[in-house]
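Report on the following structure.
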Amino acid sequence: MFYFLAAGHDPTDHAIPHALHHSPLLKIPVGGAEMNSPALGIRDGYYEFFITNHLMMSAFVALCLIIAGVLCSRKISIYHGEGLGRYQTRGRISQLFETICAFIRDEVAYPNLRGLTDKYIYYIWTVFFFILFANILGVIPFGYMLQMLTGDPHYSHWGGSATGNLALTGVLAITSLFAIVYIGIRETSVKDFLNHFNPIGWDGGIAMLPIALLLYVLEVLSLLIKCFVLAMRLFGTMMAGHLVLAAFVGLIFAARAAGDGTAYAVSLPVVLVGTGLTLLELFVCCLQAFIFTFLTVLFISSMAVHEHEEHLDDDPHAMEDAYQMDPDKVFEPGRISPSVGASHPATS
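Going left to right, the sequence shown walks through residues 2 to 349 as our numbering numbers them.
Put into structure tokens, the structure is as follows:
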């Protein structure tokens, strides 16, 4: 690594955010002229707003997610008749998305949220697919492709992993925290939600009050730390993957200082190892999206599904195989297509 840095190549250069333009789009005075905090974008007492490659990738991921959702939803058709033949998903991509959605709903959300699954599954799907798209698109070197096509090195940073930025993962964690609090209060009550942070209750007398207050503070901190860990885990994992790849590629530049022959000798094993690490990183991209989603569901269920679970699960047989095989019970055609509901009033 010493020779890598000595050669003038920074392994973190492609992993950190870079501004895509020279002049800031917005300048806001913050404090005095001596105030400087480059990490927060504050220079000489001004907050300077730039569009960075990570911000651009976040918008690009959102656009891709919307387009994929619209195109895949149009592949699901409802026909006249009875049974499974009425519901058909055409196209391998649409079938893949449908399979993933069914897995997240049946194997991740339902075992924890039970009767609340269909109520909040849309948020859970959105979180999973946004992180998945951001992770996978971050592996594709869009910037270097543009540099090769245009010959302009300024395009080299047009890309990157948006989830390798703590700002984005922090916003995702804050969104999960808001969902935990909102759903917990909505499905129980403000009183029950707040009492959840005191496992021993308030009826222990004055002698137990200090312990109850201490546990209350610890439980609140525990919830905040859980969401903080969500952000740090996703950020650290995605950042580490890019840094490891950069370190291996840097071995070629370090070996070139000793001669071109050494560089060629090192390049082959580096390419092989880099290919293996890239495949491993693709697996980690999917794994981290699953872990973030699973933990979010787990934290929501811990606040919204506890002693009131018997009231939330209106149909205990809703997910049985025999029930799923009858689509007329699972779907309400009137909700999906008004024309179908009108032509088949008996099925609704």
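Note that CB positions come from ideal geometry on N, CA and C, so glycine has one too.
These numbers were taken from a predicted model, which means no experiment stands behind them.
Check for me: the beta strand (DSSP E) holding residue i runs from which residue to which?
{"i": "E49", "result": "47-50"}
{"i": "L269", "result": "Element bounds for L269: not the beta strand (DSSP E) but the alpha helix (DSSP H), 261-305."}
{"i": "I1", "result": "Within the shown structure, residues of the chain are numbered from 2 to 349, placing residue 1 beyond reach of any answer."}
{"i": "T90", "result": "88-90"}
Just to confirm, is the Cβ distance from residue i to residue j under 8 Å?
{"i": "I94", "j": "C73", "result": "yes"}
{"i": "L114", "j": "Y121", "result": "yes"}
{"i": "N196", "j": "H55", "result": "no"}
{"i": "G160", "j": "F143", "result": "yes"}
{"i": "L133", "j": "C287", "result": "yes"}
{"i": "V140", "j": "E282", "result": "yes"}
{"i": "V250", "j": "G277", "result": "no"}
{"i": "V267", "j": "L117", "result": "no"}
{"i": "T90", "j": "K76", "result": "yes"}
{"i": "M239", "j": "N136", "result": "yes"}
{"i": "S190", "j": "L231", "result": "no"}
{"i": "I186", "j": "I201", "result": "no"}
{"i": "A248", "j": "R257", "result": "no"}
{"i": "L138", "j": "M58", "result": "yes"}
{"i": "F129", "j": "A290", "result": "yes"}
{"i": "I252", "j": "V271", "result": "The amino acid occupying residue 252 in the given sequence is Leu; Ile does not appear at that position. Contact: yes."}
{"i": "G46", "j": "A60", "result": "no"}
{"i": "F194", "j": "M36", "result": "no"}
{"i": "A69", "j": "L244", "result": "no"}
{"i": "G242", "j": "V182", "result": "no"}
Spatial neighbours of residue i within its chain, please: C-beta separation below 8 Å, excluding the five flanking residues on both sides.
{"i": "L41", "result": "Y48"}
{"i": "F51", "result": "A20, L21, H22, P25, L26, G42"}
{"i": "Y145", "result": "S157, G160"}
Does the beta carbon of residue i sit closer than 8 Å to a beta carbon anywhere in chain B?
{"i": "T151", "result": "Although the question refers to chain B, the structure presented lacks it and comprises just one protein chain."}
Throw me the rounded Cβ distance for the residue i and residue j pair, which I believe falls under 8 Å.
{"i": "I301", "j": "I184", "result": "5 Å"}
{"i": "T164", "j": "F236", "result": "7 Å"}
Could you give the residue range of the alpha helix (DSSP H) that holds residue i?
{"i": "L97", "result": "93-104"}
{"i": "Y124", "result": "118-140"}
{"i": "R187", "result": "167-188"}
{"i": "N113", "result": "111-114"}
{"i": "Y217", "result": "210-257"}
{"i": "N199", "result": "Unbroken run through N199: none, as it is neither H nor E."}
{"i": "L150", "result": "143-151"}
{"i": "G70", "result": "54-74"}
Can you list, in chain order, the residues of its chain with a C-beta nearer than 7 Å to that of residue i? Leave out the 5 residues immediately preceding and following it.
{"i": "P18", "result": "T53, N54, H55, N166"}
{"i": "F198", "result": "Y217, E220, V221"}
{"i": "M326", "result": "Bear in mind that the predicted position of M326 carries a pLDDT of just 42, short of 50, making it too unreliable to give a figure here."}
{"i": "V109", "result": "T294, F295, V298"}
{"i": "E310", "result": "Note that E310 has pLDDT 46, beneath the 50 cutoff, so the model's placement of it is unreliable and the number below is only indicative. Hits under 7 Å: R115."}
{"i": "R106", "result": "T118, I122"}
{"i": "V31", "result": "I43, G46, Y47, Y48"}
{"i": "L169", "result": "H55, S59, A163"}
To which residues of the same chain is residue i closer than 6 Å at the C-beta, ignoring the five residues directly before and after it?
{"i": "L147", "result": "Y156, W159"}
{"i": "R234", "result": "none"}
{"i": "L214", "result": "none"}
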